[in-house]
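Engineer: Protein chains in written order, with the numbering used here: chain Y, 432 to 558; chain B, 10 to 135.
Beta carbons: idealized from backbone N, C-alpha and C, even for Gly.
As the structure is a computational prediction, the values presented were derived from the model and not from experiment.
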Amino acid sequence: MTTRSRPISPHLQVYRFTLTMAMSIMHRITGIANYAGMLLLALWLLCAAVGPEALGTANGVLDSWFGQLVLFGYTWSLFHHMLGGLRHFVWDAGHGYDPAGREWLVRINLLGSLVLTLLVWAIFVWF
Amino acid sequence: MDNKTIANPHVHYGAQKSATRLFLLQRLTGAVNILFVLFLVWMAVRLAGTERTEMLDVLGNPVVAILFSLLIANVCVHMRNGMNEVIEDYVHDSRLVSLSRLLNIFFALAVGIVAIGSLLKLAFGG
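#1: Cβ of V100 (chain B) within 9 angstroms of Cβ of V551 (chain Y)?
#2: Would the beta-carbon of I81 (chain B) fall within 9 angstroms of that of L131 (chain B)?
#3: Would the beta-carbon of T38 (chain B) fall within 9 angstroms of that of N113 (chain B)?
#4: When you compare the CB of S103 (chain B) with every CB in chain Y, is at least one pair closer than 9 angstroms?
#5: Given this structure, state the Cα-to-Cα distance separating R518 (chain Y) from Y528 (chain Y), to the nearest angstrom.
#6: Please classify G491 (chain Y) as buried or exposed, where buried requires at least 16 neighbouring CB atoms within 10 angstroms.
#7: Could you work out which residue in Y:A485, Y:E534, Y:A480 and Y:E484 is closest to T451 (chain Y) when comparing CA atoms only?
#8: At what residues does the alpha helix (DSSP H) containing H87 (chain B) begin and finish?
#9: Listing by chain order, which chain Y residues have their CB less than 7 angstroms from the CB of N12 (chain B)?
#10: Using C-beta distances below 7 angstroms, list every residue in its chain close to L486 (chain Y), excluding the 5 sequence neighbours before and after it, in chain order.
#11: Whole angstroms is fine: what's the gap from F116 (chain B)'s alpha carbon to K13 (chain B)'s?
#12: How is A479 (chain Y) classed by DSSP in three states: helix, strand or coil?
#13: Can you check whether the C-beta of L49 (chain B) is within less than 9 angstroms of a C-beta belonging to chain Y?
#14: Any idea what DSSP makes of E63 (chain B), helix, strand or coil?
#15: Residues in the same chain with beta-carbon distance under 7 angstroms from V73 (chain B), minus the five sequence neighbours each way, listed in chain order, please.
#16: Following the continuous alpha helix (DSSP H) through F520 (chain Y), name the residue where it begins and the one where it ends.
#17: Return the first residue and the last residue of the alpha helix (DSSP H) that R447 (chain Y) is part of.
#18: Going by CA-CA distance only, name the one from Y:I460, Y:Q444, Y:M469 and Y:V501 that's closest to I125 (chain B).
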């Protein structure tokens, strides 16, 4: 069996900046962020499994301003990637390819992720 | 590459026959991940800053522990496949691709084993 190389296309720099393009990149970036974020979950559970002192240390780190910032970012990243995935389901089903449809989808994606994140933090953390 | 090679139906693109399977698997695990995100938010809200005894209490519920474990395993498959796509896009040296893929699989496995292992220890009473 012969394997031929895949066709290649020019990278980002030659294209005009568009919102759909930026959101496509954001989907990948949030995916990578979630990949790293899973390490936080694993370490938190590990600390809890090790014992009360380790859990106390983990909770202390997560409670610091930096820890809270990371958790806030992780929340947004998860929601953004989740809504991005739903957007891809819509596209997989063959809908939303027209200019108005795709612009609407990516705007809902961005706005929805921000709203969901702020809602979760406002309800469960801030108030 | 000549037209004869391109026209030959036995010629496959790089990822060959696994591409469709990975496409579907990524969407299937992605759909299940919606449940993971909601579950994780609930979990974090319920357990953030609580005492260890409280965690043992919540995770001692078998439904919670089993569901959480399955969802974490699902995430690990999704994130391994996702990172593989990133590697395919940006790493071009074939030996570096193999190495990156190996590290990627190792990371996904390590996260899964550590998270689920710790979870089970807590579920069985710490």
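Structural biologist: The short version:
#1: One-based indexing of the second sequence puts residue 100 (chain B) at position 91. One-based indexing of the first sequence puts residue 551 (chain Y) at position 120. No. Outside cutoff.
#2: One-based indexing of the second sequence puts residue 81 (chain B) at position 72. One-based indexing of the second sequence puts residue 131 (chain B) at position 122. Taking 9 angstroms as the Cβ cut-off, I81 (chain B) and L131 (chain B) do not qualify as a contacting pair.
#3: Working through the second sequence from its first residue, we reach residue 38 (chain B) at position 29. Working through the second sequence from its first residue, we reach residue 113 (chain B) at position 104. Not closer than 9 angstroms, so no.
#4: Along the second sequence, one-based indexing puts residue 103 (chain B) at 94. Not flagged as an interface residue toward chain Y: S103 (chain B), since no C-beta distance is shorter than 9 angstroms.
#5: The count along the first sequence starts at 1 and reaches residue 518 (chain Y) at position 87. The count along the first sequence starts at 1 and reaches residue 528 (chain Y) at position 97. About 11 angstroms.
#6: As a position in the first sequence, residue 491 (chain Y) is number 60, starting the count at 1. It counts as exposed.
#7: The residue labelled residue 451 (chain Y) in the question sits at position 20 within the first sequence. The candidate whose alpha carbon is nearest that of T451 (chain Y) is Y:E534.
#8: Along the second sequence, one-based indexing puts residue 87 (chain B) at 78. Note, H87 (chain B): alpha helix (DSSP H), P71 to Y99.
#9: Translated into the one-based positions of the second sequence, residue 12 (chain B) becomes position 3. Neighbours of N12 (chain B) on chain Y: none; closest Cβ ~12 angstroms, over 7 angstroms.
#10: What you label residue 486 (chain Y) is simply residue 55 of the first sequence in a count that begins at 1. Once the five neighbours on either side are set aside, the close Cβ partners of L486 (chain Y) are C478 and A479.
#11: By one-based count along the second sequence, residue 116 (chain B) stands at place 107. By one-based count along the second sequence, residue 13 (chain B) stands at place 4. Between F116 (chain B) and K13 (chain B), the C-alpha separation is close to 42 angstroms.
#12: Residue 479 (chain Y) sits at position 48 when you count from the first residue of the first sequence. Looking at A479 (chain Y) - three-state DSSP - the assignment turns out to be helix.
#13: As a position in the second sequence, residue 49 (chain B) is number 40, starting the count at 1. Answer yes: the Cβ-Cβ gap between L49 (chain B) and chain Y drops below 9 angstroms somewhere.
#14: In the second sequence, the residue the question calls residue 63 (chain B) occupies position 54. In this structure, E63 (chain B) counts as helix in the three-state DSSP scheme.
#15: Along the second sequence, read from residue 1 onward, the residue named residue 73 (chain B) stands at position 64. Closer than 7 angstroms at the Cβ level, and outside the excluded window around V73 (chain B), lie V67.
#16: On the first sequence, residue 520 (chain Y) is found 89 positions in, with the first residue counted as 1. That run of the alpha helix (DSSP H) goes W496 to D523.
#17: Translated into the one-based positions of the first sequence, residue 447 (chain Y) becomes position 16. Unbroken run through R447 (chain Y): none, as it is neither H nor E.
#18: Locating residue 125 (chain B) in the second sequence gives position 116, counting from the first residue. Measuring from the Cα of I125 (chain B), the nearest candidate turns out to be Y:M469.
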